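Report on one structure; see the data block that follows.
Residue numbers (my numbering): 196 to 440.
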């Protein structure tokens, strides 16, 4: 089920001024793989994730996506970003567009999909996440959990090859978390390549092929959920898990 590397990260470093946030990360994400990134605040998790689609520009190193170093200068990053879906903590939906328009705008503008085809796909995706009745509403009428499901669907409408999730449930009320996690789990069950930064340890354990534990700008330990949650070797991993489990 897991085959060639979809993303290869080579000696990835990221500095913000004098602060080195990422310290030479080497990692591969394989097609069809679900990788959860866990670790304390300030360990570099979100920065690492944002470097994977160049929302943060690496200070040095390579991010090779589908064989192309997207961190190279003079590259049309937008073309490659179309294949990398991203969902943030804070929904990032367009408030002035209806739910359906939020989904159809990018495929029609960037991929030249016809309005009819985009609408049909949009309704199909909304049905999958239980939002079809909200198609003509504006996002202000949606709950946080509904907005986040919309954000996921909007990313999926571009038919990406990988989905990146940056703490997608951290801004939600507890009772809304389950619905969003169900949508992500459904994507995983259908073979989507997923990289997710999350504080939901039970979810990471259930959904992941691999778990990366980040600390102080490096991947300090990684392995299967069993390796990390039951048999962690690194003292920092053990200490972190003792506080959050």
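Every residue gets a Cβ at the ideal spot worked out from N, C-alpha and C, and that includes glycine.
Keep in mind the model is a prediction, meaning the values are calculated, not measured.
What do you get for residue i, buried or exposed, if any count of 16 or more other CB atoms within 10 angstroms of its CB means buried?
i, result
"residue 255", "exposed"
"residue 283", "buried"
"residue 362", "buried"
"residue 384", "exposed"
"residue 341", "buried"
"residue 433", "exposed"
"residue 334", "buried"
"residue 201", "buried"
With a Cβ-Cβ cutoff of 7 Å, do residue i and residue j count as a contact?
i, j, result
"residue 344", "residue 378", "yes"
"residue 241", "residue 357", "no"
"residue 408", "residue 416", "yes"
"residue 366", "residue 302", "no"
"residue 227", "residue 386", "yes"
"residue 337", "residue 281", "no"
"residue 425", "residue 402", "no"
"residue 418", "residue 239", "no"
"residue 376", "residue 398", "yes"
"residue 251", "residue 245", "yes"
Output the boundary residues of the beta strand (DSSP E) element that contains residue i.
i, result
"residue 360", "357-361"
"residue 221", "214-225"
"residue 256", "255-260"
Could you give the C-beta distance for residue i and residue j, rounded to a whole number, given that I count them as a contact under 8 Å?
i, j, result
"residue 298", "residue 248", "20 Å between Cβ atoms; not a contact."
"residue 205", "residue 259", "7 Å"
"residue 406", "residue 349", "Contact flag wrong, Cβ pair sits at about 27 Å."
"residue 327", "residue 293", "The Cβ separation is near 13 Å, so there is no contact."
"residue 266", "residue 277", "Not quite, the Cβ-Cβ distance comes to about 17 Å (not below 8 Å), so this is no contact."
What residue range does the alpha helix (DSSP H) around residue i cover?
i, result
"residue 419", "Here residue 419 belongs to no alpha helix (DSSP H), and DSSP marks it neither H nor E."
"residue 244", "240-246"
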